[in-house]
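Novice: Got a structure for you, written out below as structure tokens; questions coming shortly.
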Amino acid sequence: MSKCSCKACAAAEQLTKPQNSHCHHHDHNHEQHCHCQQVESHEQDSCGCEDHEHHTHHHDSHDPPDEEEHHRCHDACCEHDHGEEHCSCKACVEGEALMKQETHQDEHNHDHGEMKKIDFILYGISVACFVLAFLPIPEIVSTILFGACVLLAGYDLLWNGIKGLFHLKFEEDTLMTIAAVAAFALGEHPEACMVVLLFKIGEFLEQIAIKRSRKNLKALTEIRPDTANRLLEDGTPVPVKAEEIQIGEKILVRAGDKVPLDCVVLSGHSAIDSSALTGESIPVPAETGSQLLSGSINLSGALTCQVNKTFENSTASQILNLVYASSEKKGKTEKFITRFSKLYTPIVIICGILLAVVPPLLGILDFKTWILRSLIFLVASCPCALVISVPLSFFSSIGAISKQGILIKGTKYVETLSKIDCVAMDKTGTITSGKIEVERIDVMPEFTQEQVYTYAAAVEQYSNHPISQAICDYTQKNEKLEVSDVNEIAGFGVSAIIDGQQILCGNQKLLARYQMTPKTYAASYLCIDGKIAGMIYLKETIPQASKTIVQELEQNGVQKVVMLTGDSSQAAKTVAEQCGISEYHASLLPQDKVEQLQRLKTNHTVAFVGDGINDAPVLASADLGISMGLGSEIANNSSDVVIMGNQLQNLPKAIHLAKRSMGVVKFNIAFALLIKLIVIILVAIGLAPMWLGVFADTGVTILAMLNSVRIFSFVRKKKYSS
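844 is the number of the first residue of the sequence shown in my numbering; add one for each residue after it.
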């Protein structure tokens, strides 16, 4: 699909195009990364990049990961632009390529930028000519004044319209030019002037609406500061561009400053406001060792920090890249409007010609009457209200939802989110806090505590699983034992050889593989040479928000909430009862979760909420994949939506806003089509003057745009339930 250059598309692009952004979201085909080539559009949703293997493991308190399942890739560095051929990768938008692109765009946007001072002067003279032409003066003078009015007010309109005709590009300027010139040629001089004058007024008001829209969208770009205070060796802070700071360098974040890059606090105490990132208004304390995310605000004391991510890879940059890239991935409604508009205008011109020719040939009135009616029909039938307002509505909804701490990676996912009627959720780290601790370890009589603790720590140190870390923290053992043949089995546990003995540390499923059946349930077991030596009991907290999540989701149209977990039935039951979840499935391997999800999808539009890494296959299988967490590599998650700050309570708000946004989109479409239909009917019976035709185009476009921007006001309302 080639890039459209009509006024409507140019205005829509002007609204959604990032300003001075460093966007690394680009297209590629399935065989190579990005060479900035236009690729044939396709309808796939999956990425052809290589699988990412994650070495995680088992334990009943955490859902098991997948070993070999592929990831669907929606990251900011490796995105498919489905259905669009416009590459927006860094190589395409920086340096000389950027200059060429902007020059090319300037040639195609019909110079519909902000009205300059000279335009206002010419417009004023045009209005004066229009008024003077009605005075009792010779007809030739009146004609000259009307002609001057058309030329002075609409010189750019006429020039672009003529160019469009020569290039067979039937766009809004073309339709308006045909209407104005034809009306003037037929002697309907006032009508020709009205077309141009009203069109220019509408254009001016449209620019005001765009400014208002950009003002709302600009808030998104302001979360990322462009400068940082680099600390020299003597401790002197020096302001530099944030993008010049490298990993490992020290920076000073003063009170009131925004954190420019992701970093770790080395010294100082303060409170951090991360509401722009997470939607959470309560400040969090910052002290030595605290991780700070770029875009957060330091509220009180000065902090000395060490940078651990570059400017372009820091959280604020990732968020902005994803928001900007979101306009590339269009939903069905938006794609339909784009395709519809390309076919619509030529059809309208054909209908206009038929309207001007057929009735007089049938003896119904004269040619002049029907030509005038056909001109009004052409003006009224412009699709601008749809082409501008629909993309703007979707982009505004992404901006509004991001204020609630939720990132949506494409406008098409807003449409999907609005249709969600079933939510399936992971347990650990999603419903629960993800903070897993060892409650106790029961040692069997045949073994000593020292032996069990030492062996458990020796085996678990080879895994980066949260439960493995919890066991190591609990046992506090760091003896250097000779460990060999370490094998981590996803969804089961770890096996190894220590001092010639086979050591197992894992769940009941791991024990079953070795023909062992425990008499008492525990989250994990330590076995030495086929005998259970210790039983490990775990605990995790359930946030208060998770206990009301089912009710809030149901209030926003979700019919079913299901928990899918690799944990044991007993642990799953405990969490489900506390959260009011009636349906849960436990002891699931990754492939089992996918099967359960496919079953749910037969009757529902399903969103799956998981950690974005361990649940990659399930996220890819869901109608909408939602991952939790802001501190992780957001851009590399295989999800479509990211809940920042692990705040599950923001999900019902996002669903509510998505539904409201789709309501605005549908209203704009219905409103625009209804007004145009009414005007067309009035044209057919001869009751529609030219000014009404212009209003049906420009006036409706402005009203639809203002209605689209209204989406931002939804986030200011405290009540989110339907």
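We put the CB at the ideal spot given by N, CA and C, even for glycine.
Mark Asp-1316 as exposed unless 16 or more other C-beta atoms lie within 10 angstroms of its C-beta, in which case mark it buried.
Specialist: Exposed is the call here.
Novice: On the DSSP bridge list, what partners appear for Ala-1450?
Specialist: Paired residue(s): Val-1266 and Leu-1467.
Novice: Can you have a look at Thr-1273 and say buried or exposed, based on whether 16 or more other CB atoms are within 10 angstroms of its CB?
Specialist: With 16 or more other Cβ atoms within 10 Å, it is buried.
Novice: Cys-1370 bridges to which residues according to DSSP?
Specialist: Leu-1347 and Ile-1375, per the DSSP bridge assignment.
Novice: CB-CB under 6 Å to His-1428, same chain, minus the five flanking residues each way: which ones, in chain order?
Specialist: Cβ neighbours of His-1428 beyond the five flanking positions: Leu-1407 and Gln-1439.
Novice: Please classify Val-1404 as buried or exposed, where buried requires at least 16 neighbouring CB atoms within 10 angstroms.
Specialist: Under this definition Val-1404 is a buried residue.
Novice: May I ask you to report which of helix, strand or coil DSSP gives Ile-1244?
Specialist: Of the three classes helix, strand and coil, the one that applies to Ile-1244 here is helix, per DSSP.
Novice: I need the DSSP call for Cys-1148, collapsed to helix, strand or coil.
Specialist: Strand.
Novice: Would Ser-1367 and Ile-1332 be called neighbours here (beta carbons separated by less than 8 Å)?
Specialist: It is not a contact, given that the beta carbons lie outside the stated cut-off.
Novice: Given a cut-off of 8 Å, decide if Lys-1270 and Val-1127 are closer than it, judged by their beta-carbon atoms.
Specialist: Contact flag unset, no.
Novice: Who are the near neighbours of Leu-1198 in its chain, counting only those whose CB is closer than 7 Å to its CB and skipping five residues on each side?
Specialist: Closer than 7 Å at the Cβ level, and outside the excluded window around Leu-1198, lie Trp-1213, Arg-1216, Ser-1217 and Phe-1220.
Novice: Exposed or buried, His-1447, counting other C-beta atoms within 10 Å across all chains shown (16 or more means buried)?
Specialist: Counting Cβ neighbours within 10 Å, His-1447 comes out buried, since at least 16 surround it.
Novice: Does the Cβ of Arg-1283 have 16 or more other Cβ atoms within 10 Å, making it buried, or fewer, making it exposed?
Specialist: Exposed, by the Cβ-count rule.
Novice: With which residues is Ala-976 paired in a DSSP beta bridge?
Specialist: According to DSSP, Ala-976 bridges with nothing at all.
Novice: Based on the DSSP secondary-structure assignment, which residues constitute the bridge partners of Val-1096?
Specialist: DSSP lists Leu-1146 as partners of Val-1096.
Novice: Between Ile-1162 and Ser-1139, is the Cβ-Cβ spacing less than 8 Å?
Specialist: No, these two residues do not count as a Cβ contact at 8 Å.
Novice: Among residues of its own chain, excluding the 5 on either side of Val-1107, which ones have a beta-carbon nearer than 8 Å to its beta-carbon?
Specialist: Closer than 8 Å at the Cβ level, and outside the excluded window around Val-1107, lie Gly-1132, Ser-1133, Gln-1134, Leu-1135, Cys-1148, Gln-1149 and Asn-1151.
Novice: Do Asp-1285 and Met-1378 have their C-beta atoms within less than 8 Å of each other?
Specialist: Yes; because the gap between Cβ atoms is below 8 Å, this pair is in contact.
Novice: Specify the secondary structure class of Met-813 as computed by DSSP and reduced to three states.
Specialist: With the chain covering only 844 through 1565, there is no way to say anything about residue 813.
Novice: Which class does His-1112 belong to by DSSP, given the choice of helix, strand or coil?
Specialist: His-1112: coil per DSSP, three-state reduction.
Novice: So is Gly-1248 buried or exposed if we call it buried at 16+ other beta carbons inside 10 Å?
Specialist: Flag for Gly-1248 reads buried.
Novice: Name the DSSP beta bridge partners of Lys-1101, please?
Specialist: Per DSSP, Ile-1140.
Novice: Report the three-state DSSP secondary structure of Thr-1153 (helix, strand or coil).
Specialist: Thr-1153 falls in the coil class under three-state DSSP.
Novice: Count the other CB atoms within 10 Å of the CB of Asp-870; is the residue buried (16 or more) or exposed (fewer)?
Specialist: Low local confidence applies: a pLDDT of 38 at Asp-870 is under 50, so the model's placement there is unreliable, with the coordinate-based value given in what follows. Per the 10 Å Cβ criterion, buried.
Novice: State the Cα-Cα distance for the pair Pro-840 and Ile-1554, rounded to the nearest angstrom.
Specialist: Missing from the structure shown is residue 840; the chain here goes from 844 to 1565 and no further.
Novice: Could you check which residue in Leu-994, Ile-1498 and Met-1533 has the C-alpha nearest to that of Val-1257?
Specialist: Of Leu-994, Ile-1498 and Met-1533, the residue nearest in Cα terms is Ile-1498.
Novice: What is the DSSP secondary structure of Asp-1069, reduced to helix, strand or coil?
Specialist: Correct three-state label for Asp-1069: coil.
Novice: How is the beta strand (DSSP E) around Tyr-1083 delimited, first residue to last?
Specialist: Note on identity: in this sequence residue 1083 is Val, with Tyr being the wrong assignment. Looking at the DSSP string, the run of the beta strand (DSSP E) that includes Val-1083 is 1080-1084.
Novice: Across which residues does DSSP place Thr-1339 in a beta bridge pair?
Specialist: A small fix is needed here, since residue 1339 is Ala in this sequence, not Thr. Ile-1346.
Novice: Just to check my reading of the structure: Phe-989 and Pro-1033 have Cβ atoms closer than 8 Å, yes? What is that Cβ distance to the nearest angstrom?
Specialist: With 8 Å as the limit, Phe-989 and Pro-1033 qualify as a contact, their Cβ atoms being about 7 Å apart.
Novice: Would Ser-1261 be called buried (16 or more neighbouring beta carbons within 10 Å of its own) or exposed?
Specialist: So Ser-1261 ends up on the buried side.
Novice: Count the other CB atoms within 10 Å of the CB of Ser-1113; is the residue buried (16 or more) or exposed (fewer)?
Specialist: Counting Cβ neighbours within 10 Å, Ser-1113 comes out buried, since at least 16 surround it.
Novice: Measuring CB to CB, does Ala-1339 end up less than 8 Å from Val-1326?
Specialist: Yes, these two residues count as a Cβ contact at 8 Å.
Novice: Rounded to whole angstroms, what's the CA-CA distance from Ile-1545 to Asp-1077? Just pull it up for me.
Specialist: Straight-line Cα distance between these residues: approximately 57 Å.
Novice: I'd like the span of the alpha helix (DSSP H) that includes Arg-1283, first residue to last.
Specialist: Here Arg-1283 belongs to no alpha helix (DSSP H); instead the beta strand (DSSP E) covers 1279-1286.
Novice: Using a 10 Å radius around the Cβ and a threshold of 16 neighbouring Cβ atoms, would you call Ser-1551 buried or exposed?
Specialist: So Ser-1551 ends up on the buried side.
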